[in-house]
């Protein structure tokens, strides 16, 4: 679908997200001729730069994040010609006339305001935009995580942004939902008859959702110390992936049809008690170790770290969904920094066969397992048992693999590219609604309160490992293993 002409205003235009993800994503879409010829990008920031000075920064900082395979100097120059920089104090209404002067006045023009800023600025920016006369029925606002620190602050953000923009104009972004593998999970479930009859408690043993990072906190210590793994990853990315796995078939792929079903999942998550918080939540923090063959410091010894910090860099949670489809099926969610591998995946493990007709005992059969890999390589893996060639009837595990890039012979679109196009097309399906956001915080908040009021330390784990041993004990209590623990040794 062709895009209408637009002005995209990027608050935090000189920040890390803009340089590392957003500007490269817009260049990629421009290179593919998705952007209208007259579409413009207006980057707003606190630095007192001219547009020429800002473009020098873009060349130095954003340009290295574009693959040499896709970079074209002529197209890059054309893309940069779309960009205007405006020095602006988001708190100060008196600086907004500069932004107004940089924007076009066409009544029917699409205006997108992308707030790549701390959430404490969301309300002030929105109200200042309205006071400056820059909002109308064609305007849209994009909100980056974190969307609050707890339920109360999330509600406050929803209320204050909602005073300026209608719900249909608000795009709460979660870039994991823009990944090809997540959307292929929707296609797998609802575009094929094969899996849906098995997608229930009678056939599925457990579901594991993992987002593991090899990196530490890097230069984000100031942000991370006040956030932690639960706020940074579990409350948004992991819960959104859980919703896609567990939701009932929507009436259609229209925004509210999909978001209604995701909301039902969040509302059906079993609430924690004091006892289940002790039993089903693991909180960890990495100590020194080796990642990729290199020695790395522990979290408390990183630059600018609090040497007594209790901020978690790892969290694992056992969740249950109280519905007819999922009652009794454990969902294991985990995320961590300085892990053994860099990956994001959803593992749906089916129940073992009830009886073996072969000479091999039932226990020697690996249960069927569907793995949806989201990164680094997006694809599907289905583990089955098959006969080994030759005489006799011996079975062994085999893997059917679908690599999206190899199968479709098409360049992969980055998650931010896809989601930015959806914003410009006014397509809300992959963005969170206000009630979804609040339902997620409502489920997560008891964990935060438990940690705040209990005098306990995060469990240390060695950098380059798969996290605390307590996480293996958590899943082991159900007689199960994390996927990497269950893989046969090579």
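Numbering (our numbering), first residue to last: 5 to 494.
C-beta: ideal position from N, C-alpha, C; glycine also.
Model, not experiment: these values are computed from the prediction.
- The three-state reading of DSSP puts residue 112 in coil, since its state is none of H, G, I, E or B.
- Contact check for residue 406 and residue 383: beta-carbon distance about 5 Å, within the 8 Å limit, so the pair qualifies.
- Residue 370 is positioned such that its CB atom lies closer than 8 Å to that of residue 387.
- Exposed is the label assigned to residue 397, since fewer than 16 other Cβ atoms lie within 10 Å of its Cβ.
- Looking only at 146, 359, 176 and 291, the smallest Cα-Cα distance to residue 117 is reached by 146.
- Residue 385: not part of any alpha helix (DSSP H); member of the beta strand (DSSP E) spanning 383 to 391, first to last residue.
- Per DSSP, residue 407 is one residue of the beta strand (DSSP E) stretching across 399 to 407.
- Contact between residue 210 and residue 333 holds: CB atoms are separated by about 6 Å, below the 8 Å threshold.
- Within the same chain, and ignoring the five residues on either side of residue 158 in sequence, the residues whose Cβ sits closer than 7 Å to its Cβ are 151, 152, 441, 442 and 445.
- Contact between residue 378 and residue 410 is absent: CB atoms are separated by about 16 Å, not below the 8 Å threshold.
- Going by C-alpha positions, residue 215 is about 9 Å away from residue 238.
- Counting every other CB atom within 10 Å of its CB across the protein chains shown gives residue 414 a total below 16, marking it as exposed.
- For a cut-off of 8 Å, the C-beta gap from residue 97 to residue 132 is around 5 Å, short enough to register as a contact.
- The continuous stretches of alpha helix (DSSP H) do not include residue 361, and DSSP gives it neither H nor E.
- Look at residue 101 here: in three-state DSSP terms it is helix.
- The secondary-structure analysis by DSSP pairs residue 350 across a beta bridge with 213 and 376.
- By the Cβ-count criterion, residue 224 is exposed, with fewer than 16 other Cβ atoms from all chains shown falling within 10 Å of its own Cβ.
- For the options 241, 190, 192 and 227, the alpha carbon positioned closest to that of residue 176 is the one of 241.
- Its Cα nearest to that of residue 461, the residue 318 stands out among 476, 342 and 318.
- Taking 8 Å as the cut-off, the beta carbon of residue 296 is found closer than this to the beta carbon of residue 218.
- Taking C-alpha positions only, residue 253 is separated from residue 74 by approximately 38 Å.
- Residue 49 sits in a strand when the DSSP states are folded into three classes.
- In this chain, the beta strand (DSSP E) harbouring residue 299 covers 298 to 300.
- Under the DSSP assignment, residue 335 falls in the beta strand (DSSP E) whose first and last residues are 335 to 340.
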